[in-house]
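Heads up: the sequence shown is residues 3 to 167, going by the working numbering.
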Amino acid sequence: MAMLNSYDPFASTSAAFRVLDQLTGRGGTTTARPLAGMPMDAYRVGDNFVAHFDLPGVDPGSIDLQVEGTTLTIAAERSVPEIEGAQWAVAERPFGSYTRQLVLGRSLDTDRLEASYHDGVLTVSIPVAEKAKARKVTVSRADERTAVGSGQTIEGESAQKSVES
């Protein structure tokens, strides 16, 4: 069972910028442009699904995580620095809004999702739901007292009612 499916709403925009750069002969552009994606690493370790998202230069207060059903939406914003009196020579660092959506597997307990931001990396950890964890089932040996037709229910109670005189 897959833990997630990734959707990058800006993938076509990023490709369009690369084509534009090639057509105009600018391999490395000198103009800041909108952000195009949110690189991610994801893995399962033990009973947790963990994902790391690169969000360099983002104000942690701008990060917004929302879970709706099995969809996790991550949004963040990186502002263009406003430096009074600056005359920009090169502005290659991207700015604007980041957005990424992940469709999570139903085996994850999104109610216990945890997120932290450190050194430009957002880390999201989601535990595997208890009901989805593998568990060992013990098979007991049936004896004459609990065998079918012995007059006892599956809970071990007597199936015969006593009649009081």
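Every residue gets a Cβ at the ideal spot worked out from N, C-alpha and C, and that includes glycine.
DSSP places Glu-79 in the strand class (E or B) of the three-state scheme. Per the coordinates, the alpha-carbon of Val-92 lies some 17 Å from the alpha-carbon of Gly-98.
In this structure, Ile-65 is the residue among Glu-70, Ile-65, Ala-77, Tyr-100 with its C-alpha nearest to the C-alpha of Tyr-119. When the Cα atoms are used, Gly-48 and Glu-86 turn out to be separated by approximately 50 Å. The three-state secondary structure of Thr-112, taken from DSSP, is helix. The shortest CA-to-CA distance from Val-123 to any of Asn-50, Tyr-45, Pro-62 is the one to Pro-62.
Between Val-60 and Leu-115 a beta carbon distance of about 19 Å is seen, past the 8 Å cut, so the two are scored as non-contacting. Judged by their CB atoms, Thr-75 and Gln-103 are nearer to each other than the 7 Å cut-off. In the same chain as Asp-43, and ignoring 5 residues on each side of it, the C-beta atoms closer than 6 Å to its own belong to His-54, in chain order.
In the DSSP annotation of this structure, Met-40 is not part of any beta strand (DSSP E), being labelled neither H nor E. Thr-73 is a Cβ neighbour of Val-105, given a cutoff of 7 Å. The beta carbon of Ser-127 is closer than 6 Å to those of Asn-50, Val-52, Glu-116 in its chain, skipping five residues each way along the sequence. If you check the CB distance, Ser-109 and Ala-77 do not come in under 7 Å.
Sorting Gly-107, Pro-58, Lys-138 by C-alpha distance to the C-alpha of Val-82 places Pro-58 at the top.
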